[in-house]
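For the sequence shown, the working numbering begins at 2 and goes up steadily by one.
Here a beta-carbon is modelled for each residue, glycine too, at the ideal position from N, C-alpha and C.
To start, the structure under review is shown below, and the notes come after it.
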Amino acid sequence: MIKSKARITAIGSYVPKRRLTNDDLEKMVETNDQWIVQRTGIKERSVANEDEFTSDISYKAVKNLMERYDKSVDDVDMIIVCTLTPDFKTPSVASYIQAKLGIRNTGAMDLNVACAGFTYGLYVANGLITSGLNKKVLVIGAETLSKVTDYTDRTTCILFGDGGGAVLVEYDEKQPSFISSHLGSEGEKGNSLYSTNLSNTMNGKNLIGNGNIVQNGREVYKWAVTTVPKGIQSVMKNTSIELENVDWFVPHSANLRMIESICEKSGFPIERTLYSLVNYGNTSAASIPLSLDKAVREGKIENGNKILLYGFGGGLAQAGLLIEWTI
Numbered sequence: 002m003i004k005s006k007a008r009i010t011a012i013g014s015y016v017p018k019r020r021l022t023n024d025d026l027e028k029m030v031e032t033n034d035q036w037i038v039q040r041t042g043i044k045e046r047s048v049a050n051e052d053e054f055t056s057d058i059s060y061k062a063v064k065n066l067m068e069r070y071d072k073s074v075d076d077v078d079m080i081i082v083c084t085l086t087p088d089f090k091t092p093s094v095a096s097y098i099q100a101k102l103g104i105r106n107t108g109a110m111d112l113n114v115a116c117a118g119f120t121y122g123l124y125v126a127n128g129l130i131t132s133g134l135n136k137k138v139l140v141i142g143a144e145t146l147s148k149v150t151d152y153t154d155r156t157t158c159i160l161f162g163d164g165g166g167a168v169l170v171e172y173d174e175k176q177p178s179f180i181s182s183h184l185g186s187e188g189e190k191g192n193s194l195y196s197t198n199l200s201n202t203m204n205g206k207n208l209i210g211n212g213n214i215v216q217n218g219r220e221v222y223k224w225a226v227t228t229v230p231k232g233i234q235s236v237m238k239n240t241s242i243e244l245e246n247v248d249w250f251v252p253h254s255a256n257l258r259m260i261e262s263i264c265e266k267s268g269f270p271i272e273r274t275l276y277s278l279v280n281y282g283n284t285s286a287a288s289i290p291l292s293l294d295k296a297v298r299e300g301k302i303e304n305g306n307k308i309l310l311y312g313f314g315g316g317l318a319q320a321g322l323l324i325e326w327t328i
């Protein structure tokens, strides 16, 4: 990885006020709290109102960032929104956010890598700033997965929630955040986790669904618990830092049993692993920034901490980043 010239300088988050508990789901499908917790670790999740969309969540996450860190975004020159649930096919959520924030001279683009979206977004932001193309980038991971969830399917409706997180990435040659990375994708397995759009076939197979999320949980689980530990090894090979000297591991908050297995296979202690799924569910591209900001608010993350971020999911795509926290 080329020596970074980019630093994460602020973070913010937002989740809708409406809660959907496991007890609530018990009234909707054949399930119960014990069954859900035992298999996923999830207790509840946030759900957007009917008139609340990904752009609303993104905007509130950025406003939270601005208020907490006294940051201006007037001079942001690129907005990257990582999401699989945009308000519209076009315009992008990023363009909508540009308008809401009143930023005049900025690029704006959405990035859809599903659950790996936020780590991909950070990777792109680092590349843009390190190359000299941009100086100040907003990276937002936000989802309204409740709008593409089939609440008659107990295998998926117990998982997903809504929320968003945002970080500001700025030019800083002296104290950069980004240390090492690893990216990958196995598109031939994409039909294990998808949401249909214009096409209903993939890799020669007919798909089911009408735009809702469809998942082969068993196949995704098998892929994640074998692929992510290898990816972690690749991230660490690109740096002189040993895994035992990493302070925090922040994987995509898909399923607590999956995270436990990844930690066991990677040799990283679950006690130093951050996740947001217990109260927020699986929020796809939002799960990692929500986990980070939760830990920041709780005082767990300190300046100088080495943090390993790892997003994985739909694609099937993955992206790992080793960063130093210097906000």
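Kindly indicate which three-state DSSP category residue i falls into: helix, strand or coil?
i: Gln176; result: coil
i: Trp224; result: helix
i: Arg219; result: helix
i: Gly268; result: coil
i: Arg258; result: helix
i: Glu189; result: helix
i: Glu303; result: coil
i: Gly162; result: coil
i: Tyr97; result: helix
i: Asp75; result: coil
i: Ile263; result: helix
i: Met110; result: strand
i: Leu146; result: helix
i: Leu184; result: strand
i: Thr202; result: strand
i: Ala115; result: helix
i: Thr157; result: helix
i: Tyr276; result: coil
i: Lys238; result: helix
i: Lys137; result: strand
i: Ser285; result: helix
i: Pro230; result: helix
i: Leu208; result: coil
Might you give, ordered along the chain, the residues of its own chain that have their beta carbon closer than 7 Å to the beta carbon of residue i, omitting 5 neighbours on each side?
i: Ser24; result: Reading off the sequence, residue 24 comes out as Asp, not Ser. Answer for Asp24: Asp34, listed in chain order.
i: Ile104; result: Val74, Asp75, Val77
i: Ile260; result: Pro252, Thr274, Tyr276
i: Ile209; result: Val215
i: Glu174; result: Lys6
i: Asn1; result: Examination of residue 1 is not possible in this model, given that the chain is present from 2 through 328 alone.
i: Met203; result: Gly191, Asn192, Tyr195
Just reading off the beta strand (DSSP E) that residue i is part of, what are its end residues?
i: Cys83; result: 79-83
i: Asp57; result: Looking at the DSSP string, Asp57 is not in any beta strand (DSSP E); the run it does join, the alpha helix (DSSP H), is 55-70.
i: Phe313; result: 307-314
i: Ser196; result: 194-196
i: Ile324; result: 318-325
i: Leu21; result: 20-22
i: Glu45; result: 45-47
i: Gly13; result: 7-15
On the criterion of 16 or more Cβ atoms from any shown chain inside 10 Å, does residue i qualify as buried, or is it exposed?
i: Glu171; result: buried
i: Leu134; result: exposed
i: Pro17; result: buried
i: Gly165; result: buried
i: Ser182; result: buried
i: Gly321; result: buried
i: Pro177; result: buried
i: Leu21; result: buried
i: Glu325; result: buried
i: Asp163; result: buried
i: Ile37; result: buried
i: Gly205; result: exposed
i: Gln39; result: exposed
i: Tyr70; result: exposed
Please work out which residues of its chain come closer than 6 Å, Cβ to Cβ, to residue i, disregarding the five sequence neighbours upstream and downstream, and give them in chain order.
i: Val221; result: Ser193, Leu194
i: Met29; result: Tyr152
i: Val247; result: Lys307, Leu309
i: Ser288; result: His253, Ser254, Ser277
i: Leu317; result: Glu187, Lys190, Trp224
i: Ile58; result: Tyr15, Ala143, Gly165
i: Gly185; result: Gln319
i: Ser262; result: Val226
i: Glu45; result: Arg20, Thr22, Asn280
i: Ile9; result: Val168, Val170, Ser178
i: Ser267; result: Pro230, Ile233
i: Leu102; result: Val74
Following the continuous alpha helix (DSSP H) through residue i, name the residue where it begins and the one where it ends.
i: Pro290; result: 288-298
i: Leu120; result: According to the sequence provided, residue 120 is Thr. The question's Leu does not apply to it. That run of the alpha helix (DSSP H) goes 118-131.
i: Glu245; result: Element bounds for Glu245: n/a, residue is neither H nor E.
i: Val38; result: 34-41
i: Asp151; result: Here Asp151 belongs to no alpha helix (DSSP H), and DSSP marks it neither H nor E.
Who are the Cβ neighbours of residue i in its own chain at under 8 Å, not counting the five residues just before and after it?
i: Ser93; result: Val82, Pro87, Ala109, Met110, Asp111
i: Glu51; result: none
At the 8 Å Cβ level, is residue i part of the contact set with chain C, yes or no?
i: Phe179; result: Looking for chain C here will not work: only one protein chain is present.
Give a single yes or no on whether residue i has its beta carbon closer than 7 Å to a heavy atom of the ligand HEM.
i: Tyr70; result: As for the ligand HEM, it is missing from this structure, which has no ligand bound.
Cβ pair count under 8 Å reaching 3, the stretch 54-73 against the stretch 301-309: no
Validate contact between the stretch 231-238 and the stretch 288-298 using beta carbons, cut 8 Å, 3 pairs: Verdict: no, contact absent.
Segment contact, 8 Å Cβ cut-off, at least three pairs: the stretch 139-156 with the stretch 212-226: yes
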